[in-house]
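Enquirer: For the record, in the sequence shown the residue sitting at position 343 is 343 according to the UniProt record's numbering, with numbers rising by one throughout.
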Amino acid sequence: MVKICCIGAGYVGGPTMAVIALKCPAIEVAVVDISVSRIAAWNSDHLPIYEPGLDEVVKSCRGKNLIFSTDVERHVAEADIIFVSVNTPTKTRGLGAGKAADLTYWESAARMIADVSKSDKIVVEKSTVPVKTAEAIEKILTHNSNGVKYQILSNPEFLAEGTAIEDLFAPDRVLIGGRETADGQRAIKALKDVYAHWVPEERILCTNLWSAELSKLAANAFLAQRISSVNAMSALCEATGADVAQVSHAVGQDTRIGRKFLNASVGFGGSCFQKDILNLVYICECNGLPEVANYWKQVIKVNDYQKNRFVNRIVSSMFNTVSGKKIAILGFAFKKDTGDTRETPAIDVCKGLLGDKAHLRIYDPQVTEEQIQRDLSMNKFDWDHPVHLQPMSPSSVKSVTVAWDAYEAAKGAHALCILTEWDEFKNLDYKKIYDNMPKPAFVFDGRNVVDPKKLREIGFIVYSIGKPLDSWLKDMPTMA
Ligand SMILES: NC(=O)C1=CN([C@@H]2O[C@H](COP(=O)(O)OP(=O)(O)OC[C@H]3O[C@@H](n4cnc5c(N)ncnc54)[C@H](O)[C@@H]3O)[C@@H](O)[C@H]2O)C=CC1
Ligand SMILES: O=C(O)[C@H]1O[C@H](OP(=O)(O)OP(=O)(O)OC[C@H]2O[C@@H](n3ccc(=O)[nH]c3=O)[C@H](O)[C@@H]2O)[C@H](O)[C@@H](O)[C@@H]1O
Numbered sequence: 001m002v003k004i005c006c007i008g009a010g011y012v013g014g015p016t017m018a019v020i021a022l023k024c025p026a027i028e029v030a031v032v033d034i035s036v037s038r039i040a041a042w043n044s045d046h047l048p049i050y051e052p053g054l055d056e057v058v059k060s061c062r063g064k065n066l067i068f069s070t071d072v073e074r075h076v077a078e079a080d081i082i083f084v085s086v087n088t089p090t091k092t093r094g095l096g097a098g099k100a101a102d103l104t105y106w107e108s109a110a111r112m113i114a115d116v117s118k119s120d121k122i123v124v125e126k127s128t129v130p131v132k133t134a135e136a137i138e139k140i141l142t143h144n145s146n147g148v149k150y151q152i153l154s155n156p157e158f159l160a161e162g163t164a165i166e167d168l169f170a171p172d173r174v175l176i177g178g179r180e181t182a183d184g185q186r187a188i189k190a191l192k193d194v195y196a197h198w199v200p201e202e203r204i205l206c207t208n209l210w211s212a213e214l215s216k217l218a219a220n221a222f223l224a225q226r227i228s229s230v231n232a233m234s235a236l237c238e239a240t241g242a243d244v245a246q247v248s249h250a251v252g253q254d255t256r257i258g259r260k261f262l263n264a265s266v267g268f269g270g271s272c273f274q275k276d277i278l279n280l281v282y283i284c285e286c287n288g289l290p291e292v293a294n295y296w297k298q299v300i301k302v303n304d305y306q307k308n309r310f311v312n313r314i315v316s317s318m319f320n321t322v323s324g325k326k327i328a329i330l331g332f333a334f335k336k337d338t339g340d341t342r343e344t345p346a347i348d349v350c351k352g353l354l355g356d357k358a359h360l361r362i363y364d365p366q367v368t369e370e371q372i373q374r375d376l377s378m379n380k381f382d383w384d385h386p387v388h389l390q391p392m393s394p395s396s397v398k399s400v401t402v403a404w405d406a407y408e409a410a411k412g413a414h415a416l417c418i419l420t421e422w423d424e425f426k427n428l429d430y431k432k433i434y435d436n437m438p439k440p441a442f443v444f445d446g447r448n449v450v451d452p453k454k455l456r457e458i459g460f461i462v463y464s465i466g467k468p469l470d471s472w473l474k475d476m477p478t479m480a
């Protein structure tokens, strides 16, 4: 029986391995982690991450061919194929700080593999890593090998949170990169055989190691670039009276461009887009390609601009100050259908409003008060370390409270600010909300969730990203 071990029981390791276990009943899958609380949660009724469909998959295999354990060394020693899906945060100090990937966790996993392995292993890079990481990992493993043979494969993950199970069941492609030697090709085949249990062969792409590593960074850069492109257009729409939804639709109808991923927003968030583009920028700079680096850097600059622009709109619309005003924040997660808040634009928007002394009342159906407080008091990039290694927040942010539903959050608020596109925000009773707010009552929709026309009929002053401005906003120019 083939044995798989995955180091890192996070958003990628947990769902990916659960699906492999489900689709390959003859393979034993162990997911291991240094975080005791995370493993305990994977073994409980309350999984550590919220992901539609995940509970069912885990419940149907856990205890059969899927286990979650903190006994990292034992499961690594026993495995034939080891996936490494640990954090690869942005470095916060030293060479490449603010851009380069911090491979501390990866390196420590590799050294541990070398220490405990007694049989040959296929080591699979599942984490997103800089190009050429496989070479470094290979060196660590072979210099400490004790006769054990290793093959390194790159098998980056393309799932998106909120649709992880769907994406894993029917991926657009599975990418496997390996050495072009006979041993390398044998290792590629072994991994391909695992995916072939449910992924059609033509969707399993096999490449060299460096193409696989770079394709992952490139895919995320292209996706983020689309969002920054449409967000840049949204600013121009507001200035000209065009409607960004109509522009996106017209542009996306061109089959060469395509309709997906053209929704204007308050900015993209999530644990990877910014981190991976910064990493790409750093690699370009290290390879003497400053023009290419600057090109990609612009995607992040536009994203930051979009978040600032949103905050400025709020402040300028509300008589140039939000000091002492109560603002209801609807949605804190970086997108709907997840409780994940890593790099959520809500953090920057909330910090911007707090900087102007607003009082925030936040509601998100999946994010806890503790998480919100942590996020608002943590330094940039600290979030991307294993939970038990993250610096504890010194104190909670006093002008922030958390509500248990949208109506409660909005009661008495001067403005509503929609920062995540949760479906429930589409169908709120906005008349009831309006009646419980001081006037003028504002809605700032960072996700184009509400129908501005209907809300204006109720009496709200509405700002929707990239949509024609109402006269109130036109008279209050923003300084982005
Ligand atoms: N979150 C996502 O949607 C996607 C993430 N990725 C990439 O996958 C990698 C992992 O991301 P996530 O799963 O989101 O991170 P995560 O933070 O949810 O999970 C990483 C886990 O690794 C554990 N860990 C760290 N060092 C360890 C060690 N030495 N031994 C055992 N466990 C260790 C941590 O405790 C943590 O539970 C990153 O490189 C990320 O860029 C790729 C595609 C999608
Ligand atoms: O490497 C990763 O971590 C993953 O990053 C993204 O997945 P994810 O961040 O989970 O979610 P997305 O659906 O890509 O959304 C990212 C951000 O962009 C925003 N977005 C997305 C689409 C859009 O049209 N407009 C827009 O603002 C979302 O609201 C969210 O804040 C990619 O879609 C995955 O393919 C990739 O595997």
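Using N, Cα and C, we set each Cβ at its ideal position, and we do this for glycine too.
1. Give the DSSP-derived three-state secondary structure of residue 125 in the structure shown.
2. Give the single residue among 441, 464, 19 and 364 whose Cα lies nearest to the Cα of residue 424.
3. Do residue 339 and residue 371 have their CB atoms nearer than 9 Å?
4. Pull up the distance between the alpha-carbon of residue 216 and that of residue 246, whole angstroms please.
5. Look at residue 31 and residue 67 and say whether their C-beta atoms are less than 9 Å apart.
6. Just curious, the beta strand (DSSP E) that residue 177 is in, first and last residue?
7. Suppose you measure from the CA of residue 140 to the CA of residue 112; what does that come to, to the nearest Å?
8. Could you name each continuous alpha helix (DSSP H) segment of 4 residues or more that falls completely within the region 418–447, going from the start of the chain to the end?
9. Counting pairs of beta carbons, one from the region 263–278 and one from the region 230–247, are three or more of them closer than 8 Å?
10. Is residue 324 close to ligand 1? I mean its beta-carbon at under 8 Å from any heavy atom of the ligand.
11. Alpha carbons only, please: which of 348, 403 and 357 is nearest the one belonging to residue 376?
12. In three-state terms, what does DSSP make of residue 253?
13. Pick from 307, 336, 317 and 249: whose alpha carbon is nearest that of residue 352?
14. Using CA coordinates, which residue listed in 467, 27, 80 and 431 is at the minimum distance from residue 458?
15. With 16 other CB atoms within 10 Å as the buried threshold, where does residue 36 fall?
16. Give me the residue from 197, 226, 55 and 89 with the minimum Cα distance to residue 251.
17. Check for me: the alpha helix (DSSP H) holding residue 321 runs from which residue to which?
18. How about residue 216: is its Cβ closer than 8 Å to a heavy atom in ligand 2?
19. Can you give me the C-alpha to C-alpha distance between residue 54 and residue 230, rounded to a whole angstrom?
20. Whole angstroms are fine: how far does the CA of residue 147 sit from the CA of residue 50?
21. Do you know offhand how far residue 452's Cα is from residue 443's?
22. If contacts are defined as beta-carbon pairs under 8 Å, then residue 109 and residue 7 qualify, I think. What distance do you get, rounded to the angstrom?
23. I want to check one thing, is the minimum distance from the CB of residue 367 to the heavy atoms of ligand 1 below 8 Å?
24. On the premise that residue 403 lies in contact with residue 433, defined as a C-beta separation below 8 Å, what is that separation, rounded to the nearest angstrom?
25. Following a CB-centred definition, is residue 177 positioned closer than 8 Å to any heavy atom of ligand 4?
26. Keeping to the same chain, check which residues put their C-beta closer than 7 Å to that of residue 14; ignore five residues upstream and five downstream.
27. At the level of alpha carbons, what is the spacing between residue 209 and residue 281?
28. Distance check for residue 269 and residue 19, CA to CA, integer angstroms please.
29. Does the beta-carbon distance from residue 144 to residue 83 come in below 9 Å?
30. Counting along the chain, where does the beta strand (DSSP E) carrying residue 216 start and finish?
31. Considering only the alpha carbon of each residue, which of 5, 17 and 40 lies closest to residue 122?
32. Specify, as a first and last residue, the run of the alpha helix (DSSP H) that residue 409 falls within.
33. Taking 8 Å as the cut-off, does the CB of residue 345 come closer than this to any heavy atom belonging to ligand 2?
34. Nearer than 8 Å: is that true of the beta carbon of residue 272 relative to any heavy atom of ligand 2?
Expert: So, to answer that:
1. Counting from one through the sequence shown, the residue named residue 125 turns up at place 125. Looking at residue 125 - three-state DSSP - the assignment turns out to be strand.
2. For the purposes of this step, residue 424 is taken as residue 424 along the sequence shown, with counting starting at 1. Ranking the options by Cα distance to residue 424, first place goes to 364.
3. In the sequence shown, counting from the first residue as 1, residue 339 sits at position 339. In the sequence shown, counting from the first residue as 1, residue 371 sits at position 371. Yes. Within cutoff.
4. Here the question's residue 216 lines up with position 216 in the sequence shown. Here the question's residue 246 lines up with position 246 in the sequence shown. Each residue's alpha carbon lies about 31 Å from the other.
5. Looking up residue 31 in the sequence shown gives position 31. Looking up residue 67 in the sequence shown gives position 67. Result yes, Cβ atoms of residue 31 and residue 67 sit closer than 9 Å.
6. Counted from its first residue, the sequence shown places residue 177 at position 177. 174–178 is the span of the beta strand (DSSP E), which, as asked, contains residue 177.
7. To locate residue 140, count along the sequence shown from 1; it is residue 140. To locate residue 112, count along the sequence shown from 1; it is residue 112. Cα to Cα, the separation comes out at about 10 Å.
8. As far as the region 418–447 is concerned, its whole alpha helix (DSSP H) runs of at least 4 residues are 430–435.
9. In the pairwise beta carbon analysis, the region 263–278 is classified as touching the region 230–247: at least three pairs are separated by under 8 Å.
10. Locating residue 324 in the sequence shown gives position 324, where the first residue counts as 1. Not one heavy atom of ligand 1 lies closer than 8 Å to the C-beta of residue 324.
11. Working through the sequence shown from its first residue, we reach residue 376 at position 376. That would be 348, whose Cα lies nearest to the Cα of residue 376.
12. Working through the sequence shown from its first residue, we reach residue 253 at position 253. Three-state DSSP puts residue 253 in coil, outside helix and strand.
13. Mapped onto the sequence shown, residue 352 falls at position 352. With distances taken between Cα atoms, residue 352 lies closest to 307.
14. As a first step, residue 458 is located in the sequence shown; it is residue number 458 there, counting from the start. Ranking the options by Cα distance to residue 458, first place goes to 431.
15. Taking the first residue of the sequence shown as 1, we reach residue 36 at position 36. With fewer than 16 other Cβ atoms from the protein chains shown falling within 10 Å of its own Cβ, residue 36 counts as exposed.
16. By 1-based counting over the sequence shown, the position of residue 251 is 251. Selected option, being the one with the closest Cα: 226.
17. Your numbering for residue 321 matches position 321 in the sequence shown. Residue 321 -> no alpha helix (DSSP H), and no H or E assigned at all.
18. Residue 216 sits at position 216 when you count from the first residue of the sequence shown. Yes.
19. Position 54 of the sequence shown, counted from the start, is the residue given in the question as residue 54. Position 230 of the sequence shown, counted from the start, is the residue given in the question as residue 230. In a straight line, the C-alpha of residue 54 is about 32 Å away from that of residue 230.
20. The sequence position of residue 50 within the sequence shown is 50, counting from 1. The sequence position of residue 147 within the sequence shown is 147, counting from 1. Spanning the two alpha carbons is a distance of roughly 42 Å.
21. Taking the first residue of the sequence shown as 1, we reach residue 452 at position 452. Taking the first residue of the sequence shown as 1, we reach residue 443 at position 443. Looking at the backbone, the Cα of residue 452 and that of residue 443 are separated by about 9 Å.
22. For the purposes of this step, residue 109 is identified with residue 109 of the sequence shown, where counting begins at 1. For the purposes of this step, residue 7 is identified with residue 7 of the sequence shown, where counting begins at 1. Their Cβ separation, rounded to whole angstroms, is 5 Å, which keeps residue 109 and residue 7 in contact under 8 Å.
23. In the sequence shown, residue 367 corresponds to position 367, counting from 1. Short note on residue 367: C-beta not closer than 8 Å to any heavy atom of ligand 1.
24. Locating residue 433 in the sequence shown gives position 433, counting from the first residue. Locating residue 403 in the sequence shown gives position 403, counting from the first residue. Separation of the CB atoms of residue 433 and residue 403 is rounded to 12 Å, and the pair is thereby denied contact status at 8 Å.
25. This structure does not include ligand 4; its bound ligands are ligand 1 and ligand 2.
26. Locating residue 14 in the sequence shown gives position 14, where the first residue counts as 1. Cβ-Cβ distances below 7 Å link residue 14 to 31, 42 and 49 in the same chain, with the five nearest sequence neighbours on each side left out; the list follows chain order.
27. What you label residue 209 is simply residue 209 of the sequence shown in a count that begins at 1. What you label residue 281 is simply residue 281 of the sequence shown in a count that begins at 1. Going from the Cα of residue 209 to the Cα of residue 281 covers about 20 Å.
28. Working through the sequence shown from its first residue, we reach residue 19 at position 19. Working through the sequence shown from its first residue, we reach residue 269 at position 269. Their backbone Cα atoms lie some 25 Å apart in a straight line.
29. Your numbering for residue 144 matches position 144 in the sequence shown. Your numbering for residue 83 matches position 83 in the sequence shown. Taking 9 Å as the Cβ cut-off, residue 144 and residue 83 do not qualify as a contacting pair.
30. By one-based count along the sequence shown, residue 216 stands at place 216. Counting along the chain, residue 216 falls outside any beta strand (DSSP E), though it belongs to the alpha helix (DSSP H) covering 209–240.
31. In the sequence shown, counting from the first residue as 1, residue 122 sits at position 122. Residue 122 has its Cα closest to that of 5, out of 5, 17 and 40.
32. Counting from one through the sequence shown, the residue named residue 409 turns up at place 409. Residue 409 -> alpha helix (DSSP H) spans 406–410.
33. Along the sequence shown, read from residue 1 onward, the residue named residue 345 stands at position 345. Checking the Cβ of residue 345 against ligand 2 gives yes.
34. Residue mapping note: residue 272 aligns to position 272 of the sequence shown, counting from 1. In this structure, residue 272 has its CB closer than 8 Å to one or more heavy atoms of ligand 2.
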